[in-house]
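Remarks on the structure that follows.
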Amino acid sequence: MERFLIPGQKKRSCTSDALTRSPRKKIKLEKDERMKEEKDEVDEDSALAEFSHPVPWQKIEAEGLDCDYALLFAKEEADQLFKQLENEVVYSTGEEAKVQVFGKVYSIPRKQATYGDAGLTYTYSGVTRSACPWTPTLESIRDAVTKTTGQTFNFVLVNRYKDGQDHMGEHRDDEKELDPLCPIASVSLGAARDFIFRHRDARGKHSCRQIEPVKLELAHGSLLLMNPPTNTFWYHSLPVRKKVLLPRINLTFRRIVLASKK
DNA sequence: ACAGCTACAAGGAG
DNA sequence: TCTCCTTGTAGCTG
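Numbers in my numbering are just positions in the first sequence, counted from 1, shifted up by 12.
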């Protein structure tokens, strides 16, 4: 099955904060950016002007970064899915929800759960646990992602951020057990949150290069595909946003290669 | 005042 | 042996 990406979309630099703003502002800023760009280069998109319908997929590209973003679920459907997940998903508690950092033990600043095919395991911060069996809602979302992308997944990591205080630090999803050719599909439900990519060579005090971060806002019902080699070169994070008061559930579907062969 | 960002704090895993 | 990962917080900026 092929992917239903619309080819030849406008190539965005995505180096500004434009995508993190409200939709109305976003349109205005995109126009401004486009005008700036047109001073420097020929408009590659004139042939696309005739497409009057909304473009479902947005290509997000930078050096070594390749993502596709789209609204997968309309609001009503996304609302329903969020409610169902709130009832179905059972999150790790107690010791399983703790992590040791710099000698101190903390509760992770979010809730986590892992679901997938029988026998699959997931290692987080040195602790390995096995996936729970798929729930009906997780299965149906997984199938919707597969229909849209043509990719199959055998595992999902569920992260629940109760409000803007809950967050996730900068990291890559480059575990060895992940299929390096399979994109990671990230479905967002609930409160919209900022999502930030940073190139590995542009991090820290002695960063050798100055590469602008790529900032997105992940909307209710959205799907973000992180294609290879994005996770080799780019770290991502979900930063604290104190103004966000409502919960968000994120599902990252992955394909884990079976570690042991018979 | 405060949201947002960076640097940095140890020790274990691979 | 070396590199990378984990989060909270001090300190700075706008």
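Beta carbons are placed, not taken as given, at the ideal position from N, Cα and C, and that holds for glycine.
Tell me, which residues are paired with residue i by DSSP?
| i | result |
| --- | --- |
| residue 134 | 141 |
| residue 158 | DSSP, once it has assigned bridges, lists no residue as partnering residue 158. |
| residue 126 | 169 |
| residue 73 | 78 |
| residue 264 | 169 and 198 |
| residue 103 | In DSSP, residue 103 forms no bridge with anything. |
| residue 111 | 118 |
| residue 83 | 234 |
Just confirm the distance between the C-beta atoms of residue i and residue j, as a whole number of angstroms; I'd bet it's less than 8 Å.
| i | j | result |
| --- | --- | --- |
| residue 10 | residue 171 | In the structure as shown, the chain begins at 13 and stops at 274. Residue 10 is therefore absent and cannot be evaluated. |
| residue 80 | residue 69 | 5 Å |
| residue 82 | residue 234 | 7 Å |
| residue 154 | residue 139 | Not confirmed; about 24 Å, so no contact. |
Return the chain-ordered list of same chain residues with a C-beta closer than 6 Å to the C-beta of residue i, the five sequence neighbours on each side being excluded.
| i | result |
| --- | --- |
| residue 191 | 267 and 269 |
| residue 220 | 213 |
| residue 137 | 111 |
| residue 158 | 164 |
| residue 185 | 196 and 243 |
Give every residue of the same chain whose Cβ lies closer than 8 Å to the Cβ of residue i, excluding the five residues on either side of it in the sequence, and list them in chain order.
| i | result |
| --- | --- |
| residue 102 | 125 and 144 |
| residue 222 | 214 |
Quick one: what's got a C-beta closer than 7 Å to residue i's C-beta in the same chain, skipping five residues either side?
| i | result |
| --- | --- |
| residue 119 | 109 and 110 |
| residue 117 | 110 |
| residue 58 | Here residue 58 scores only 40 on pLDDT, less than 50, and its place in the model is too uncertain to base an answer on. |
| residue 193 | 240 |
| residue 259 | 172, 173, 174, 175, 202 and 203 |
* **Three or more C-beta pairs below 8 Å linking the stretch 180-193 and the stretch 233-252** => Result yes; three or more Cβ-Cβ pairs closer than 8 Å.
* Count the CB pairs spanning the stretch 142-155 and the stretch 211-218 that are closer than 8 Å, and state whether there are at least three. => Verdict: no, contact absent.
* When the Cβ atoms of the stretch 76-90 are set against those of the stretch 126-137, are three or more pairs found closer than 8 Å? -> With a cut-off of 8 Å, the stretch 126-137 and the stretch 76-90 do not count as touching, because too few Cβ pairs lie within range.
* Any chance you could list the alpha helix (DSSP H) runs of at least 4 consecutive residues sitting entirely within the stretch 178-251, in chain order? => Fully enclosed alpha helix (DSSP H) runs of 4 or longer: 242-245.
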